[in-house]
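Q: My numbering applies: residue 2 is where the sequence shown begins, and numbers increase by one. By construction, the Cβ of each residue, glycine as well, lies at the ideal position given by its N, Cα and C atoms. Take a look at this one; I'll ask things after.
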Amino acid sequence: MNERRPAAGVAAGGIAPRPPMKLNRRVLALAGFGAAIALAPLPLPEFYVTLLNYIGLATLVALGLVVMTGVAGIVSFGQQAFVGVAAYATAGLTTLLGASPWSGLLASLALTAAAALLLGVVTLRLSGHYLSIATIAWGIAIYYLFGNLPALGQYSGIDNVPPVALGSWVFDSNRKSYYLIWVVVVAALVAAHNLLDSRSGRAIRALRFRSAMAESCGVDTSALRLVVFVYAALLAGMAGWLHAHFLRFVSPHAFGVNAGIDYLFMAVIGGASHVWGALVGASIMTLLKEWLKDVLPALLQHTGNFEAIVFGALMIVLLQRTRDGLAPALARRLPRAPRTWPADAPALPRRERPPPGAPLLDVAGLGKRFGGLVAVDDVSFTLASGEILGLIGPNGAGKSTTFNLISGALAADGGSVQLLGERIDRLPARGIARRGLGRTFQHVHLVSRMSVLDNVALGAHLRGAKGTLAAMLRGDRAEERRLLAEAARQIQRVGLAEHLHDAAGSLPLGRQRLVEIARALAGDPVLLLLDEPAAGLRHGEKRALAELLRRLRDDGVSILLVEHDMEFVMGLVDRLVVMDFGQKLAQGLPHEIRAHPAVIEAYLGGVE
């Protein structure tokens, strides 16, 4: 994600916005881009207008791959199959049944969405290289399906596909089709940019490496992965509909596996995590391949697919020099307008807090096995509202496993967990988060390239309601301002206001842990689970953290923490639970635990 610099300092009520600019840079950039697109075909020969049309079609498919593969981490080699499904659907309806191209559009997108849902439900259960292989498999299967159905003309395809008409205007030439194609492309680019700059966009960015973290913030990662998969397929389907009515002919040869690889290359070359990388990659690859086809045979005095060899070598050089692609490299050299929003954005509604001393968390007989290893064995304890409870024990005692069982990251084999009297051990992590439990992780889970502000705003995901469609249409701006203002307040609360717009991965480990705490607080929890929050902090930072946790307790946030720094724990917590070999060894007040013989023998080792 693009790095954002602070607009101004953080005030008590949020972030103070920069004074309004006389001219909105985003609107100016879009106006300039739109003008360039509108004027581009006027001075160009017919051949280059045709190339621009091919670039537009490829941009749509590559854009879906940018969001799905580059951002969400779902690698697909089969997007050309969705292009083919839509192209054949509209070609068949319009030539065989006499339907209008606009009816073909609706049918194409509906069939593409249905195919994507079916394939996504099956395919997205896989991960890693298994997922990639599966996309290749169904891409090949659909290609041969097109080539073997007599109704679709087999490998000869379908010709005489009618052009699209809008009233009396018929898009029956390259130049006319150009405007239809590029209106769709520009709209898709803007919508994708809006999507990634939203609540849903932050969740999509978290899918790539941090699914467990996203679930703890209330994100339904399985459903979101399917939404992204269908979204990318619909962009490919739109390209397929335009392809059929622009070329007025469809055949299986345009939808083979090589086309899928080309689309993925376009996304990688342009910048697989950058929206405008789809346009850059599609332009470079389309133009370069066409140029190499003309130049190489003349240089070598021999015909052949030499462009594939040269292009492969150039691809390797490019990936070595700019692994993130060309668009991000270019974007880093351009000035960026700071992100601003009203400092007086209305506060989000807060969860009702139970009175101090009321029962909050009840863990009873909790158990977990990993094969023959008993990680947690019949562990029971309670935590009252307004209390800080420490969970300590030697390495391998089962503390983090207990945390994961309480938060829903792992399913318990036995026992129960109740939060505010409601049983939560059978709920997924996102469901538990929505009931008021926030957590951090033993190993920091942040989206390193996202800003501190966006990482913390991800914690407020469960406090918003706008989805992907509203984000693409910019219908989420009021809610987005409130979420970002809440994130800014929590960042200030943990003392990181000066890092608001820094990339989270650029911070030292201790401050990254504070970002995690701020992210958990953005979800407005009644119970906060902290897994070794003081690890990596200096002495002064630990004292500041202890003061912060005391203030949180006074504000009605109860805390359960795992920590190895005994000095930090003993001076902070109200009570302690000690674990050893997966079992509860002792519980009590800090001075009682310090003097407990079994604890001294198992954990403290006789140290005074």
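1. Could you pull the start and end residues of the beta strand (DSSP E) that ASP363 belongs to?
2. GLN584: which of VAL380, THR469, PHE83 sits nearest, CA to CA?
3. My output table needs one value for THR323: the three-state DSSP class, helix, strand or coil.
4. Using the beta-carbon count (16 or more within 10 Å), is SER157 buried or exposed?
5. Considering only the beta carbon of each residue, do GLY140 and GLY79 sit closer than 8 angstroms?
6. At the level of alpha carbons, what is the spacing between ASN161 and GLY154?
7. Give the secondary structure of ASP345 by DSSP, where H, G and I count as helix, E and B as strand, and everything else as coil.
8. For the putative contact between VAL68 and ALA233, defined by C-beta atoms under 8 angstroms, what is the C-beta separation to the nearest angstrom?
9. Taking the alpha helix (DSSP H) that TRP170 belongs to, which residues open and close that run?
10. Please report the distance separating the alpha-carbon of THR287 from that of LEU94.
11. I believe ALA687 touches ALA587 by the beta-carbon criterion, under 8 angstroms. Please report the beta-carbon distance rounded to the nearest angstrom.
12. Tell me, which residues are paired with SER559 by DSSP?
13. Need the endpoints of the beta strand (DSSP E) that GLY1 sits in, please.
14. Count the C-beta pairs between the stretch 447-460 and the stretch 495-508 that are closer than 8 angstroms, then say yes if the count reaches three, no if not.
15. Counting only the same chain and skipping the five closest in sequence on each side, list residues whose C-beta sits under 6 angstroms from that of LEU531.
16. Let's test the definition: count the other Cβ atoms within 10 Å of the Cβ of ASN259 and tell me whether it reaches 16, buried, or not, exposed.
17. For PRO591, name the three-state secondary structure that DSSP assigns.
18. Rounded to whole angstroms, what's the CA-CA distance from ALA116 to PHE83? Just pull it up for me.
19. Would a C-beta distance cut-off of 8 angstroms place GLY326 and GLY524 closer than the cut-off?
20. Please go through the same chain and pick out, in chain order, the residues whose beta-carbon is closer than 6 angstroms to the beta-carbon of LEU515, but skip the five residues on each side of it.
21. Skipping 5 residues on each side, what residues in its chain have a beta carbon closer than 8 angstroms to that of ARG539?
22. I need the straight-line Cα distance from ARG322 to PRO46, nearest angstrom please.
23. So, helix, strand or coil for THR91, using DSSP?
24. My guess is that LEU415 and MET580 are in contact by the Cβ rule of under 8 angstroms, so how many angstroms apart are they, rounded?
25. Check for me: the beta strand (DSSP E) holding LEU420 runs from which residue to which?
26. Should LEU24 be labelled buried (16 or more other beta-carbon atoms within 10 Å of its own) or exposed?
27. Short of 7 angstroms in beta carbon distance, which residues of its chain neighbour ALA434, apart from the five on each side in sequence? Order them along the chain.
28. Under a three-way DSSP split, which group does ASP379 fall into?
29. How is the beta strand (DSSP E) around GLY391 delimited, first residue to last?
30. Could you pull out every unbroken alpha helix (DSSP H) segment of at least 4 residues lying fully inside the stretch 77-124, listed in chain order?
31. Is it right to say TYR264 is buried, meaning 16 or more other beta carbons lie within 10 angstroms of its own, or is it exposed?
32. Can you give me the start and stop residues for the alpha helix (DSSP H) that GLN263 sits inside?
33. Spell out the partners DSSP gives GLN610 in its beta bridges.
34. Can you tell me where the beta strand (DSSP E) with LEU167 in it begins and where it stops?
35. So if DSSP puts SER452 in a beta bridge, which residue, or which two residues, is it bridged to?
36. Give the straight-line distance between the Cα atoms of ALA135 and THR124, rounded to the nearest whole angstrom.
A: Quick answer:
1. Position 362 of the sequence shown, counting from 1, holds the residue named residue 363. Note, ASP363: beta strand (DSSP E), 360-371.
2. Locating residue 584 in the sequence shown gives position 583, counting from the first residue. Of the listed residues, the one whose Cα sits closest to GLN584 is VAL380.
3. To locate residue 323, count along the sequence shown from 1; it is residue 322. Reduced to three states, the DSSP call for THR323 is coil.
4. Along the sequence shown, one-based indexing puts residue 157 at 156. Exposed, since its Cβ has fewer than 16 Cβ neighbours within 10 Å.
5. Indexing the sequence shown from 1 puts residue 140 at position 139. Indexing the sequence shown from 1 puts residue 79 at position 78. Yes. Within cutoff.
6. As a first step, residue 161 is located in the sequence shown; it is residue number 160 there, counting from the start. As a first step, residue 154 is located in the sequence shown; it is residue number 153 there, counting from the start. Cα-Cα distance, rounded: 12 angstroms.
7. Within the sequence shown, residue 345 is the residue found at index 344, counting from 1. ASP345 falls in the coil class under three-state DSSP.
8. To locate residue 68, count along the sequence shown from 1; it is residue 67. To locate residue 233, count along the sequence shown from 1; it is residue 232. At roughly 6 angstroms, the Cβ-Cβ gap stays under 8 angstroms, so VAL68 and ALA233 are in contact.
9. Here residue 170 corresponds to residue number 169 of the sequence shown, with the count starting at 1. Premise fails: TRP170 lies in the beta strand (DSSP E), 170-172, not in any alpha helix (DSSP H).
10. In the sequence shown, counting from the first residue as 1, residue 287 sits at position 286. In the sequence shown, counting from the first residue as 1, residue 94 sits at position 93. Taking the straight line joining both Cα atoms gives about 30 angstroms.
11. The structure shown does not extend to residue 687, since the chain is modelled only from 2 through 609, so no value can be given for it.
12. As a first step, residue 559 is located in the sequence shown; it is residue number 558 there, counting from the start. SER559 pairs with LEU528.
13. No answer is possible for residue 1: it lies beyond the span of the chain, which begins at 2 and ends at 609.
14. Three or more beta-carbon pairs separated by less than 8 angstroms link the stretch 447-460 to the stretch 495-508, which places the two stretches in contact.
15. Numbered from 1 along the sequence shown, position 530 holds the residue referred to as residue 531. Counting only Cβ-Cβ distances below 6 angstroms, and skipping sequence neighbours, we find THR441, LEU562.
16. Sequence index remark: in the sequence shown, residue 259 carries index 258 (1-based). Burial call: exposed.
17. Along the sequence shown, read from residue 1 onward, the residue named residue 591 stands at position 590. DSSP places PRO591 in helix when its eight states are reduced to three.
18. The count along the sequence shown starts at 1 and reaches residue 116 at position 115. The count along the sequence shown starts at 1 and reaches residue 83 at position 82. Looking at the two C-alpha atoms, the distance is approximately 8 angstroms.
19. Here the question's residue 326 lines up with position 325 in the sequence shown. Here the question's residue 524 lines up with position 523 in the sequence shown. Not a contact, by the Cβ cut-off of 8 angstroms.
20. Within the sequence shown, residue 515 is the residue found at index 514, counting from 1. Only residues of its own chain outside the window of five on either side were considered, and among them VAL495, LEU497 have a CB closer than 6 angstroms to the CB of LEU515, listed in chain order.
21. Residue numbering aside, residue 539 sits at position 538 when the sequence shown is read from its first letter. Cβ within range, chain order: GLY511.
22. Working through the sequence shown from its first residue, we reach residue 322 at position 321. Working through the sequence shown from its first residue, we reach residue 46 at position 45. Between ARG322 and PRO46, the C-alpha separation is close to 34 angstroms.
23. As a working mapping, residue 91 is identified with position 90 in the sequence shown. Looking at THR91 - three-state DSSP - the assignment turns out to be helix.
24. Walking along the sequence shown from the start, residue 415 turns up at place 414. Walking along the sequence shown from the start, residue 580 turns up at place 579. Sequence inspection shows Gly at residue 415; the Leu mentioned does not correspond to that position. Incorrect: roughly 16 angstroms between the Cβ atoms, too far for contact.
25. One-based indexing of the sequence shown puts residue 420 at position 419. First-last of the beta strand (DSSP E) with LEU420: 415-420.
26. Start at 1 with the first residue of the sequence shown, and residue 24 comes out as number 23. Low per-residue confidence applies at LEU24: pLDDT is 46, beneath 50, and the placement is therefore not dependable enough to give any value.
27. Along the sequence shown, one-based indexing puts residue 434 at 433. Correct list, in chain order: SER217, CYS218, GLY219, LEU463, GLY524.
28. Position 378 of the sequence shown holds residue 379. It is a strand residue.
29. Counting from one through the sequence shown, the residue named residue 391 turns up at place 390. Start and end: 389-393.
30. 80-97, 102-124
31. Taking the sequence shown and counting its residues from 1, one reaches residue 264 at position 263. When all chains shown are included, TYR264 counts as buried.
32. For the purposes of this step, residue 263 is taken as the residue at position 262 of the sequence shown. Inspection of the sequence shows that residue 263 is occupied by Asp rather than by Gln. Looking at the DSSP string, the run of the alpha helix (DSSP H) that includes ASP263 is 258-271.
33. The chain is shown only over 2 to 609; residue 610 falls outside these bounds and no answer can be derived.
34. As a working mapping, residue 167 is identified with position 166 in the sequence shown. Taken as a continuous stretch (DSSP letters only), the beta strand (DSSP E) holding LEU167 covers 165-167.
35. What you label residue 452 is simply residue 451 of the sequence shown in a count that begins at 1. ALA504.
36. To locate residue 135, count along the sequence shown from 1; it is residue 134. To locate residue 124, count along the sequence shown from 1; it is residue 123. Looking at the two C-alpha atoms, the distance is approximately 6 angstroms.
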